[in-house]
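A short write-up of the structure that comes next.
Protein chains: 2
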Amino acid sequence: MGEFELIDRYFRSAAADMAGRGDVVLGIGDDAALLEVPPGRQLVAALDTLVEGRHFPRGSPAASIGHRALAVNLSDLAAMGADPAWCLLALTLPQAEAPFLEAFASGLFALSRQHGVALVGGDTTAGPLSVSMQVLGTVPAGEALRRSGGAPGDLLYVSGTPGDAAAGLRLLDSQHAAAHQLQQRFLYPEPRIELGLVLRGIASACIDVSDGLAADAGRLAAASGCGVSIEVSRLPFSGALLDAVGAAAALQDALCGGDDYELCFTVPPQRKAALEARLANVKCRVTCIGILDESHGIRVIRDGVALLVDTRGYEHFSGKG
Amino acid sequence: MGEFELIDRYFRSAAADMAGRGDVVLGIGDDAALLEVPPGRQLVAALDTLVEGRHFPRGSPAASIGHRALAVNLSDLAAMGADPAWCLLALTLPQAEAPFLEAFASGLFALSRQHGVALVGGDTTAGPLSVSMQVLGTVPAGEALRRSGGAPGDLLYVSGTPGDAAAGLRLLDSQHAAAHQLQQRFLYPEPRIELGLVLRGIASACIDVSDGLAADAGRLAAASGCGVSIEVSRLPFSGALLDAVGAAAALQDALCGGDDYELCFTVPPQRKAALEARLANVKCRVTCIGILDESHGIRVIRDGVALLVDTRGYEHFSGKG
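Sequence order for the protein chains is Y and B. Going by my numbering, the letters in the first sequence line up with residues 1 to 321, in that order. Going by my numbering, the letters in the second sequence line up with residues 1001 to 1321, in that order.
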């Protein structure tokens, strides 16, 4: 039996331990997983790959790689307002080393347990380190959040404190206390599942912030056939970000940095009170930072003066691609 | 806009062309796909990764890589008796080159159209060439084929002519006519979806042959709590295989070669006539090659004499791991 077959068995037994879901008819061990989607619900499916050297630096903690592989996909489900249910893992790694695998699995399973997600399939292969994770969830029929439902006048919100992760990645080798907090935000992003569920029936549109707040707010606005303006004075900077990088770099990180995995969403003004009532039970911070309008493109405004304008769309702000 | 964002758009428009399925509520372009599982059906999910240099040789035709990425996953669905419905693609490649991408997409979409599968999500990333494909399908509740349903006395069958693909891979540089046919069997395997559907309600157990017939028959037998014997004289060798490699190597390839993506399944003797009646409408060849018994492990028999015995299980026969 080869080392990779041993690893498969290792994940299989770990998966069996945590698959307390009654909707897994058949998990790891057959040709495919067999799953029950509850009546009246639609299936939500996301697939994202993390490649070493591109999505995380070489030498990243294995627990972080396991955590992030699941987190970035859960974040996509959160943006749809979906309840996560199952995941499948395709892990490619140069060699099978027990310490790496145990740490990877600990990061992955800590997060999957937190959200009640069962690992139901996948495989392990020799090759350059990369992780493809498939996450499946469900949503009541017709209630999924989309990017395209916004309208002029809808208020623009963001969760958490965007910019932290981008700064944390840049400061990954720093020993400063403030940098440590930012590093954790890059290494262990928290998918906003709970917030996504609360936003069903409230938000008119939603997207997860993976490429930077300005770019992703621009994508939401474009999908909704609107323009968007963001008021700089409202941006929620973390104390750690301001301490570690200063105000100018913090603005750049918050608008154009990636890897936040926060939710950016819009709410019609008449549902603002309903939103605030529901947020009382949600742990993560949510801030109104702007508004959709009838133009197109993105305007970043400071005290009523346009700081940056990109009428072509969001491409200009994207730090990726 | 970066080159990889251009590629995403390319796949997005290609996917839009062929997504004629009414059950795709939301395809590529939002945070996740939104899909309708018909009432009374269970979801079937498979995820497999192909890594260059491991699952296909460097320099393989791009059309073959696109075809195989989908085919190996469709084969998993076939082994469950599932109707394929949707797929998500995670493509990692060193650089974005139009000729490679067009050929990759042509191979992928030719097969997806053949089986009515809609590409509903995924992403493209820079990195060492690998392809993770997620395929989703459905099956009437309770009717999925499994590895574990076989019983002593059940007849063992295999589809097609196993061994061709392994020989084709070995002879990939050969110019002989027989080798060409074998090469095609490696480069463009045909997932046995139609056969899988016919086997619902007939086969007691089923597995797809990806690691070699003996290893995978052994896995089916082990999952069913049985032993299995395979009669060499019944093995269906292709003329091309015998021509290209001779009888001894053909036997080795058929039993221990991988990448066949045929179905290996068992049928209780009392359903043999029903199987044969149904097979009249299925194009691919199916051959009875052995039987499950009350022992455990695998016996390969020639004219009543055991040629190879592995009572420990299937590991001995596996060419992989």
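Glycine residues also receive a C-beta, built at the ideal position from the N, C-alpha and C atoms.
Distance from the CA atom of L220 (chain Y) to the CA atom of L1070 (chain B), rounded to whole angstroms, is 31 Å.
Residue environment for G1227 (chain B): buried (at least 16 other C-beta atoms within 10 angstroms of its C-beta). Taking 8 Å as the cut-off, the Cβ atoms of L1292 (chain B) and G1153 (chain B) count as close. For Q42 (chain Y), the neighbours in chain B by C-beta distance under 7 Å run, in chain order, V1025, L1034, L1035 and E1036. One Cα belongs to C1256 (chain B), the other to R1299 (chain B), and the distance between them is close to 13 Å.
Around the beta carbon of G1040 (chain B), a 10 Å sphere encloses fewer than 16 other beta carbons of the protein chains shown; the residue is thus reported as exposed.
Taking CB atoms only, I207 (chain Y) has a neighbour in chain B less than 8 Å away. Chain Y places a beta carbon closer than 8 Å to that of L1077 (chain B), counting this residue as a contact.
Closer than 8 Å to the CB of A90 (chain Y) there is at least one CB belonging to chain B. Sorting B:V1286, B:V1309, B:G1246 and B:L1195 by C-alpha distance to the C-alpha of S1075 (chain B) places B:L1195 at the top.
In the structure shown, the three-state DSSP call for A1306 (chain B) is strand. By the CB criterion at 8 Å, A1151 (chain B) and P1269 (chain B) fall outside the cutoff. For S130 (chain Y), the C-beta contacts it makes with chain B under 7 Å involve T1092, G1127 and S1130, in order along the chain. Under a 10 Å Cβ-count criterion, G218 (chain Y) is classified as buried, with 16 or more other Cβ atoms of the shown protein chains found around its own Cβ.
Three or more Cβ pairs drawn from the region 223–242 of chain Y and the region 160–168 of chain Y lie within less than 8 Å of each other, which places the two stretches in contact. In the DSSP annotation of this structure, the continuous segment of the alpha helix (DSSP H) that includes A69 (chain Y) starts and ends at A62 to A79.
Judged by their CB atoms, C1206 (chain B) and L1263 (chain B) are nearer to each other than the 8 Å cut-off.
With a beta-carbon spacing of about 22 Å, V1024 (chain B) and V1131 (chain B) fall beyond the 8 Å limit used to define contacts. For P1039 (chain B), the chain Y residues whose Cβ falls inside 7 Å of its Cβ are P39, in order along the chain.
Neighbourhood of L1136 (chain B) in chain Y, by CB distance below 7 Å: A45, in chain order. Between T1092 (chain B) and V139 (chain Y), the CB-CB gap reaches or exceeds 8 Å. As the crow flies, the alpha-carbon of V1232 (chain B) is around 11 Å from that of L1308 (chain B).
In the structure shown, V1158 (chain B) adopts extended strand secondary structure according to DSSP, grouped into three states. Here V1117 (chain B) is buried: its Cβ has 16 or more other Cβ atoms, across all protein chains shown, within 10 Å.
Closest in C-alpha terms to V198 (chain Y), from the list Y:G22, Y:I289 and Y:L279, comes Y:L279.
Taking a beta-carbon distance threshold of 8 Å, G1121 (chain B) counts as an interface residue toward chain Y.
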